[in-house]
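Chemist: Residue numbers (mature numbering (1 follows the signal peptide of the UniProt record, and there is no 0)): -20 to -1, 1 to 409.
(1) Could you tell me whether the segment 85 to 97 touches the segment 105 to 125, where touching means 3 or more Cβ pairs closer than 8 Å?
(2) Nearest CA to the CA of residue 321: which residue from 238, 388, 303, 310?
(3) To the nearest angstrom, how far is it from the Cα of residue 75 to the Cα of residue 112?
(4) Does DSSP put residue 400 in a helix, in a strand, or in coil?
(5) Over what stretch of residues does the alpha helix (DSSP H) that includes residue 239 continue unbroken?
(6) With the cut-off set at 9 Å, would you say residue 259 and residue 287 are in Cβ contact?
(7) Rounded to a whole number of angstroms, what is the C-alpha to C-alpha distance between residue 10 and residue 30?
(8) Runs of 3 residues minimum, wholly inside the segment 151 to 189: which ones carry the beta strand (DSSP E) assignment?
(9) Inspect the CB distances between the segment 97 to 106 and the segment 46 to 62 and report whether three or more fall short of 8 Å.
(10) Considering residue 86, what are the terminal residues of the beta strand (DSSP E) in which it resides?
(11) Indicate the three-state DSSP secondary structure (helix, strand or coil) for residue 279 in the structure shown.
(12) I want to know whether the segment 193 to 206 touches the segment 238 to 246 - three or more CB-CB distances under 8 Å.
(13) Could you check where the beta strand (DSSP E) with residue 382 kicks off and where it finishes?
(14) By the 10 Å Cβ neighbour count, where 16 or more other Cβ atoms means buried, how is residue 218 classified, buried or exposed?
(15) Around the Cβ of residue 387, are there at least 16 other Cβ atoms within 10 angstroms (buried) or fewer (exposed)?
(16) In whole angstroms, what is the alpha-carbon distance linking residue 124 and residue 138?
(17) Mapping DSSP to helix, strand and coil, what is residue 406?
(18) If we ignore side chains and look at the alpha-carbon of each, how far apart do residue 276 and residue 401 end up?
(19) Could you tell me the boundaries of the beta strand (DSSP E) in which residue 75 lies?
(20) Could you round the C-beta distance between residue 40 and residue 51 to whole angstroms and report it? I think they count as a contact, below 8 Å.
(21) Suppose you measure from the CA of residue 261 to the CA of residue 281; what does that come to, to the nearest Å?
(22) Give me, in chain order, the residues of the same chain whose beta-carbon lies closer than 7 Å to that of residue -20; leave out the 5 immediate sequence neighbours on both sides.
(23) Between the alpha carbons of residue 148 and residue 199, how many angstroms are there, rounded?
(24) With H, G and I counted as helix, E and B as strand and the rest as coil, what does DSSP make of residue 346?
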């Protein structure tokens, strides 16, 4: 009977997360022209949410988007288009207004002070005397992978603390639209192949078979399964392809192509962002008309079927707002739009080990304490945060654990029992 109630508990949590609507973080309400002012460089770092806006500048939220304040930074002198949290630092990638050129800054104090780090950067192909602009960046190990606005040699690799930028000439002729990193393995792809590197981008290997004919723009990997989403060619809807054997064979999940519809440009809508978490998938696509919300499509069955997920998204009178990125932070899934607001919704919270019928954790989310009920003795308990830090928990005889001292966020609660290690997601709020 206890197992039955626990399963119902978990199913109720999952159902609540799926049905939850998007909630505006309110960032656009603070802007001078909220309907058209660009939002860029959105990132989560050390429990804070950052965003750069075209007119108001850098903003920071200490409560996951509930309120926003100006970030009074020093040393950051250019317009931020992208920001990445990595290695305990914030990395800002900037555009120089009026020029085809870029700048790179680093901050080790949560964005208050910035240091310019452009030594050795490839030069702009158009604006002489300036560094090239950044198109796509990823970090793996102690290295940065960069696609630059240098048409003849656009792909580079550098150690984070080095001034030497090494050309990745393997991609010069075939190109690769975007980097993807999973578990210290770097990936990229083009219309011919999927490539991966296990030495932080120094050498690259192709997967066993060429990609079917289409132009992938986004990738996700889960075990041996690879998802690719991207262009089906002019006048054709974008495709979602899946390989369950590390790229040896591919299957098109046609339900997405059938769902996307037409964009405001009177062409099939293009995929602009993809997020995958187990069986759940989110896809954003080009807006389809004026006075409509951004397009978000949701799948609960790994892409076999899709439904719209736009409840809570603001109407766009111009029809050009789109979601440019999904990311997970502090127990929420965030959707960052290019022109109007950043949205969030609560994520599903469930036990992720296969044999969990003897454990129940509640409340979840929690703020000051949790209660653990188990049919077997719990030998130890620990929390692991999103940066991999582990915290030993004191377990009282009543099964109560005090969590009041831990910052707001998403954690992995790891329990060692007589029957083995069991794990669940825990949201501290």
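All C-beta atoms in this analysis are idealised placements derived from N, C-alpha and C, irrespective of residue type, glycine included. Remember, it's a predicted structure, so these values are computed and weren't measured experimentally.
Modeler: By the coordinates alone:
(1) no
(2) 303
(3) 9 Å
(4) strand
(5) 234 to 239
(6) no
(7) 14 Å
(8) 160 to 162, 165 to 169, 174 to 177
(9) no
(10) 82 to 87
(11) strand
(12) no
(13) 380 to 382
(14) buried
(15) exposed
(16) 5 Å
(17) strand
(18) 37 Å
(19) 69 to 75
(20) 4 Å
(21) 8 Å
(22) Legend: pLDDT at residue -20 = 37, less than 50; position of this residue unreliable, no value from coordinates given.
(23) 20 Å
(24) strand
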